[in-house]
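Following: one structure in structure tokens, then a few remarks.
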Amino acid sequence: MDARWLEPDAEAARSAGERALEHFLAAGFARIEPAVLHPAAIFLDMSGEAIRGRLFLTSGASGEELCLRPEYTIPVCRAYLASPEAGRVAQYSYLGPVFRAHVEGGERAQTGLESFGRRDAEAADAEVFALAMEAGAQAGAPLKARLGDAALFEGVLESLALPEVWRRRLRRGVAHGKSLLAILDGRGASVLAQPGVLAAMESADHAGARALVEDLLAIAGVDAVGGRTASEIADRFLEQAALRSGEPVAAEKRQALDAFLAVSGDPDEAAAKLRRLADDARLDLNRALDAFELRNGFIAARGVRIEEARFSAAFVRDFEYYTGFVFEAADPAIPDAKPVLSGGRYDGLMRRLGAQGDIRAVGAAIALDRLPGKTS
Amino acid sequence: MTPAAFNEPPFVLAAPSKGRLQESAAAFFARAGLEFVQGRGARDYRGALNGLPGVEIAFLSASEIVGQLVAGAAHFGVIGEDQVREKTPDADMRLELLAPLGFGHCNVVVAAPRAWIDVRTMSDLEDVASAFRARRGERMRVATKYVNLTRRFFAEHSVADYRIVESLGATEGAPAAGAAELIVDITTTGATLAANALKTLDDGVILRSQATLVASLAAPWGPAALKNARAILDRIAASEKARKSREVRARLNGDARKLTERARALFDAAPATGDAPDPQGYVALHCARDKAADLASWLLAEGAERVSVAALEQVFDARNPLYEALEKRIGPA
């Protein structure tokens with residue numbers, strides 16, 4: 000066994016991890032030991048090149064780029080998809096090291112749980128969240144949780160009927176913590192500097208725009224090499240032309256977005272606020288709100304004090320990954336503490352990992368070295 | 000040889016082992032009166048610096064030069080800044096980039112297909128990359144051998160939706176071959192990019208690179224090594240200064256003190272041998288090459304009968320900013 004386990008901190012982390020694991024096992028989450036080595040491309044595709052510097056990279060016998068697992072969710076999903084259980088309901092827990100190049104010693108102990116294939120999504124959300132919070136509480140001081148809901152945000156974007164270009168920018172901007180103002184007014188930088196083309200596009204439909212782009216390329220003698228089709232380039236000109244002509248997002252829609260993103264606080268009170276807001280702005284959020292309230296009910300029923308958690312409508316994470324409930328929890332005694340546990344619902348991931356259809360999934364991970372009270 | 004020097008490992012100057020960069024480096028040092036002496040034949044990887052017996056030259060490949068400097072196995076190295084920045088993300092912590100050498104110019108740029116007529120800036124690229132990913136579920140691929148430079152630059156421009164495809168040769172062909180959508184590569188004239196139907200983004204210049212004299216902070220800096228460093232830097236500074244300056248001489252009537260001060264203010268000229276002007280009216284001034292003629296005309300107008308302007312071989316100064324920069328990082332001898 001690794002010698003560092005003998006140090007007091009590591010020892011405390013290990014026993015906290017084992018207690019957490021027991022808790023997950025008792026709830027029916029079978030322990031899984033996924034592989035350590037994985038194709039690096041999977042993690043880079045999912046999280047972007049920005050994490051490359053944090054991966055321990057190596058190469059396989061035939062030259063493919065591999066890495067040591069930097070986290071557990073994708074390895075657990077891959078093990079599940081490769082198993083006979085793939086596509087069925089299965090619930091897993093894990094305990095062990097994840098490997099990160101920027102962490103001292105290169106590894107960090109993690110425990111967590113993943114729930115796959117359950118149709119009662121809100122109950123599964125609540126169970127995973129509650130088990131993780133309980134495991135955190137067992138280990139020391141109680142953690143303060145922050146909740147969010149990507150499905151609510153998507154619901155707002157959908158019922159505002161915003162053009163796709165704005166939905167994309169809003170998803171990204173909000174996930175990066177930008178203010179609405181910065182997202183909606185940051186457009187100057189990317190509006191194209193070809194006013195003539197844009198003016199011609201303003202009155203064009205897709206076919207016309209595409210023909211124009213093709214003509215432009217032909218006149219310039221440029222072969223359309225390079226991944227994007229004339230049709231895609233035309234679409235972007237159309238988007239830009241639409242952005243150029245007039246207010247990108249109508250004032251009342253902007254107000255509704257503003258009001259939505261400002262909602263925060265006690266999850267139950269937030270639900271009531273969101274209902275009022277949806278009524279006022281005539282947004283159809285019923286499905287997402289029903290799910291939100293159902294989940295809050297399940298969480299409270301599990302004995303987690305939901306009123307102590309803080310919901311924030313603007314708390315969303317990478318939309319490519321999380322599709323619904325998201326959460327994280329930190330030690331309230333430490334200002335700006337990094338989250339000890341985090342997780343959420345990621346219904347789109349399995350398909351991207353090669354599953355035939357969507358498989359519902361929700362999970363949580365606990366960074367054992369960040370647990371409060373593990374020292375002394 | 001002093002006992003200290005005897006005990007010290009030799010001063011190692013790492014230089015490119017082949018190609019134009021080696022020729023240019025050799026020419027640069029030769030201009031400073033320091034000739035590369037290669038060992039037996041052109042394939043010998045150790046050499047000496049004519050005139051400085053304590054200095055050994057290690058002829059290495061570009062990536063080895065950076066590695067040896069970081070590890071402290073070489074004191075000085077001649078290497079493109081692009082290599083330094085790519086191979087050592089915290090270059091400024093480990094190395095001192097003493098001086099750009101004026102050759103080996105190239106730009107590391109982001110280039111996209113010319114057919115992307117809607118993409119001119121990095122901000123366009125951010126937008127297009129995110130749409131590409133939303134539409135196809137895959138990230139746009141960037142072919143490059145500058146993995147670290149690309150990552151940092153894209154992060155600065157908040158371009159997140161891309162994947163790097165490492166490319167070790169003929170990167171500019173990757174988009175046409177369907178192996179990537181865009182590239183990050185070096186270009187000198189842009190001709191290769193144009194031949195491959197690629198264009199540089201308007202704000203897509205990641206680095207304007209040139210060959211650079213780099214000092215290792217980890218190398219053993221004993222008294223002899225410092226002495227050699229000073230000798231090399233003095234000669235480089237002396238020949239560089241000489242190359243960029245002209246000496247302008249004249250005799251005027253009366254005290255030259257006032258005139259010297261005015262020449263300094265007007266032409267950034269300095270007395271050739273320090274700051275004591277000649278009461279007899281003789282002035283010898285150093286000024287930038289392109290100001291020499293103006294200074295000469297001005298001296299004529301001030302009453303000189305004849306002004307001579309001469310090229311210089313070397314100009315040594317008691318203060319050497321290059322050496323001072325090095326000393327600041329590694330401490331005095």
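If you read the protein sequences in the order shown, they are chains A and B. All residue numbers for the first sequence refer to numbering that gives the first Met the number 0, where the first residue is 0 and numbers rise by one. All residue numbers for the second sequence refer to numbering that gives the first Met the number 0, where the first residue is 0 and numbers rise by one. Ideal Cβ placement from N, Cα and C applies to all residues, glycine included. The structure presented is a predicted model; accordingly, all values stated were derived computationally and were not measured.
The region 121-131 of chain B and the region 34-46 of chain A do not touch, with fewer than 3 CB-CB distances between them shorter than 8 Å. Inclusion of A/G59 and A/L65 in the CB contact set at 8 Å is warranted, their separation being smaller than that value.
A straight-line Cα-Cα distance of about 50 Å links A/R107 and B/I235.
Closest option to B/T143, judged by alpha-carbon separation, among B/A292, B/C286, B/G172 and B/G136: B/G172. Per the C-alpha coordinates, the member of A/D204, A/L256 and A/R30 positioned closest to A/L237 is A/D204. Residues of the same chain with a CB within less than 8 Å of the CB of B/A90, apart from the 5 flanking positions on each side, are V83, R84 and L96 in chain order. With its beta carbon less than 8 Å from one in chain A, B/R150 belongs to the interface. Within the same chain, and ignoring the five residues on either side of B/R248 in sequence, the residues whose Cβ sits closer than 6 Å to its Cβ are A283 and S307. Secondary-structure assignment with DSSP links B/V107 through a beta bridge to B/I185 and B/L206. When only Cα atoms are considered, A/Q137 and A/I73 end up about 26 Å apart. Judged by DSSP secondary structure, A/I305 falls outside any alpha helix (DSSP H); it is assigned neither H nor E. Considering only A/V88, A/T110 and A/V248, the residue with the shortest C-alpha distance to A/L159 is A/V248.
Assigned with DSSP and collapsed to three states, B/L284 falls in strand. The C-alpha of B/Y44 lies about 12 Å from the C-alpha of B/F35. Non-local C-beta neighbours of B/Q67 in its own chain, meaning closer than 6 Å and more than five positions away in sequence, comprise A13 and A73, ordered along the chain. The region 159-168 of chain B makes no contact with the region 92-108 of chain B: fewer than 3 CB pairs, one atom from each, lie closer than 8 Å. Look at B/I163 here: in three-state DSSP terms it is strand. Distance from the CA atom of A/T322 to the CA atom of A/V315, rounded to whole angstroms, is 9 Å. Going by beta carbons, B/D123 and B/V107 fall outside the 8 Å limit. When only Cα atoms are considered, B/A264 and B/D293 end up about 13 Å apart. Any Cβ of chain B closer than 8 Å to the Cβ of A/I232 would place that residue at the interface, and such an atom is present. Taken through DSSP and simplified to helix, strand or coil, A/K337 comes out as coil. Among the residues of the region 277-303 of chain A, none has a Cβ less than 7 Å away from any Cβ of chain B. Shortest Cα-Cα distance from A/V97 to any of A/A217, A/R53 and A/G302 involves A/R53.
Each residue's CA atom was taken as its position, placing B/E260 and B/D274 some 10 Å apart.
In the three-state reduction of the DSSP assignment, A/R87 falls in the coil class. Note that the C-beta distance between A/A308 and A/P266 is below 8 Å. Within the same chain, and ignoring the five residues on either side of B/F102 in sequence, the residues whose Cβ sits closer than 6 Å to its Cβ are S23 and A210.
The C-alpha of B/E165 is placed about 12 Å away from the C-alpha of A/R51.
For A/D184, there are no C-beta contacts with chain B under 7 Å, since the nearest C-beta of that chain is about 14 Å from it. When DSSP states are grouped into helix, strand and coil, A/I31 belongs to the coil group.
Per the coordinates, the alpha-carbon of B/R140 lies some 5 Å from the alpha-carbon of B/E180.
For A/F152, no CB of chain B lies under 8 Å from its own CB, so it is not counted at the interface with that chain.
According to DSSP, residue pairing for A/V315 in a beta bridge does not occur. Contact with chain A is found for B/W115, since one of that chain's Cβ atoms lies less than 8 Å from the residue's Cβ. CA-to-CA, the gap between B/K198 and B/A110 works out to about 5 Å.
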